[in-house]
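Q: Under the UniProt record's numbering, the first residue of the sequence shown is numbered 1, with each subsequent residue one higher.
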Amino acid sequence: MIPPKRNALQQTAFLTGMYAQFLKVYFKTLVEYRADTFIALIAGILAQGSTLVFLTVIFQRIPALADWNFYELVFIFGLAATARALNQTFFNAPFSLTGYIRRGRLDVMLVRPVGVLFQAIGYSQDLNGVGQLATGMVIMTYAASQLHLAWTPGSVLYALIALVCSAVIQFAVLLVISVLTFWVHEVRSLIYPINWLFDFTRYPMDIFHPALRGLLTYVIPYAIGSFYPAAYLLRPDLYGWALWGVPATAVGVMLLAYAVWTYGLRTYSSVAG
Numbered sequence: 001m002i003p004p005k006r007n008a009l010q011q012t013a014f015l016t017g018m019y020a021q022f023l024k025v026y027f028k029t030l031v032e033y034r035a036d037t038f039i040a041l042i043a044g045i046l047a048q049g050s051t052l053v054f055l056t057v058i059f060q061r062i063p064a065l066a067d068w069n070f071y072e073l074v075f076i077f078g079l080a081a082t083a084r085a086l087n088q089t090f091f092n093a094p095f096s097l098t099g100y101i102r103r104g105r106l107d108v109m110l111v112r113p114v115g116v117l118f119q120a121i122g123y124s125q126d127l128n129g130v131g132q133l134a135t136g137m138v139i140m141t142y143a144a145s146q147l148h149l150a151w152t153p154g155s156v157l158y159a160l161i162a163l164v165c166s167a168v169i170q171f172a173v174l175l176v177i178s179v180l181t182f183w184v185h186e187v188r189s190l191i192y193p194i195n196w197l198f199d200f201t202r203y204p205m206d207i208f209h210p211a212l213r214g215l216l217t218y219v220i221p222y223a224i225g226s227f228y229p230a231a232y233l234l235r236p237d238l239y240g241w242a243l244w245g246v247p248a249t250a251v252g253v254m255l256l257a258y259a260v261w262t263y264g265l266r267t268y269s270s271v272a273g
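(1) Given M1, which residues of its chain have a CB within under 8 Å of its CB, disregarding the five upstream and five downstream residues?
(2) Any idea what DSSP makes of W68, helix, strand or coil?
(3) Label Q132 either buried or exposed according to how many other C-beta atoms from any shown protein chain fall within 10 Å of its C-beta, with 16 as the threshold for buried.
(4) Tell me the rounded alpha-carbon separation between L216 and L55.
(5) Taking the continuous alpha helix (DSSP H) assigned at L175, which residues delimit it?
(6) Counting pairs of beta carbons, one from the segment 152-161 and one from the segment 51-69, are three or more of them closer than 8 Å?
(7) Report the rounded CA-to-CA distance for I42 versus S269, giving the unit in angstroms.
(8) Using CA atoms only, rank isn't needed, just tell me which of T89, E32, F118 and P63 is closest to G17.
(9) Ends of the alpha helix (DSSP H) at W183?
(10) Just the C-alpha distance for A13 and Y19, rounded to the nearest angstrom, thanks.
(11) If you drop the 5 nearest sequence neighbours on each side, which residues of the same chain put their C-beta closer than 6 Å to that of T98?
(12) According to DSSP, is F38 helix, strand or coil?
(13) Quick check on S96: does DSSP put it in helix, strand or coil?
(14) Counting C-beta neighbours from all protein chains within 10 Å, is the total for E72 16 or more, i.e. buried, or is it exposed?
(15) Leaving out the 5 sequence neighbours to the left and right, which residues in its chain are closer than 7 Å to L174 when beta-carbon positions are compared?
(16) Quick test of the definition: if touching needs 3 or more C-beta pairs under 8 Å, does the segment 61-72 touch the segment 210-224?
(17) Ordered along the chain, which non-local residues of its own chain (more than five positions away) have a Cβ less than 6 Å from that of A162?
(18) Using DSSP with H/G/I as helix, E/B as strand and the rest coil, what is W244?
(19) Where does the unbroken alpha helix (DSSP H) through Q125 begin, and where does it stop?
Following this line, the structure appears as structure tokens:
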């Protein structure tokens with residue numbers, strides 16, 4: 001099928017409208033399956049609450065952790081949890097790619113006049129991320145109020161951009177791993193451990209070994225999308241580079257991931273072949 005010719009503005013409007021339709025279907029799912037949505041919300045509260053209980057127990061014995069007080073750690077955790085849930089809710093495509101290939105759904109996507117990656121993202125919203133998304137935002141807002149964090153239009157905008165950048169960084173890293181499924185039939189044994197590494201970024205990087213800090217900053221840059229934006233909002237004088245470093249990293253990692261995806265897709269042979 002030959003797609004109609006559109007200029008850049010028309011194509012942007014077309015894709016925006018199409019993604020809005022994907023979201024419309026997703027939100028209808030949330031309303032239709034009320035019990036599942038409720039369970040997802042409760043599961044998110046319990047998952048995040050268990051970590052807060054752990055932090056509370058730790059801080060009953062120590063006044064600070066690597067010079068970060070309790071509410072600063074809660075804020076860092078809240079931002080990371082929100083970013084993780086945002087990725088899980090709207091950018092879960094890397095976990096679905098193997099299934100698309102095995103069921104022949106990728107073949108169908110290839111003949112449509114819309115990019116395959118765009119379709120994969122649109123079809124892959126995850127209901128289980130809803131509860132964690134709501135809980136993470138509440139935790140982050142609560143911690144900010146306890147810290148008397150002065151929210152300005154600029155800091156609010158930065159927080160929103162940082163959350164999106166974090167979701168994009170996570171998506172890009174996992175996309176690179178999932179592309180291996182074009183050559184290897186099973187990549188879940190690798191993609192899940194890489195995904196779990198993000199949990200380290202819910203805590204200050206200062207408490208970890210330099211090797212782990214380097215891994216999560218320069219190799220798999222999860223920390224640039226979670227810990228460092230939170231640190232900038234809390235201590236802008238010490239982490240000023242995060243103002244531009246976070247979006248720059250997100251763009252760079254996404255461009256690299258898209259190049260790897262494009263190469264992998266070119267080598268793909270149909271399951272019917």
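Note that CB positions come from ideal geometry on N, CA and C, so glycine has one too.
A: Short version:
(1) Its pLDDT being 49, under 50, M1 is placed unreliably in this model, and the coordinates cannot settle the point.
(2) strand
(3) Classification of Q132: buried, given that the 10 Å Cβ count is 16 or more.
(4) 22 Å
(5) P153 to S178
(6) Result no; under three Cβ-Cβ pairs closer than 8 Å.
(7) Going from the Cα of I42 to the Cα of S269 covers about 42 Å.
(8) Closest option to G17, Cα to Cα, is F118.
(9) Looking at the DSSP string, W183 is not in any alpha helix (DSSP H), and its letter there is neither H nor E.
(10) Straight across, the Cα-Cα distance linking A13 with Y19 is about 10 Å.
(11) T181
(12) Look at F38 here: in three-state DSSP terms it is helix.
(13) helix
(14) buried
(15) P94, I191, I194 and N195
(16) no
(17) Within the same chain, A162 has close Cβ partners P229 and V246.
(18) helix
(19) It is not in any alpha helix (DSSP H) - Q125 carries neither H nor E in the DSSP assignment.
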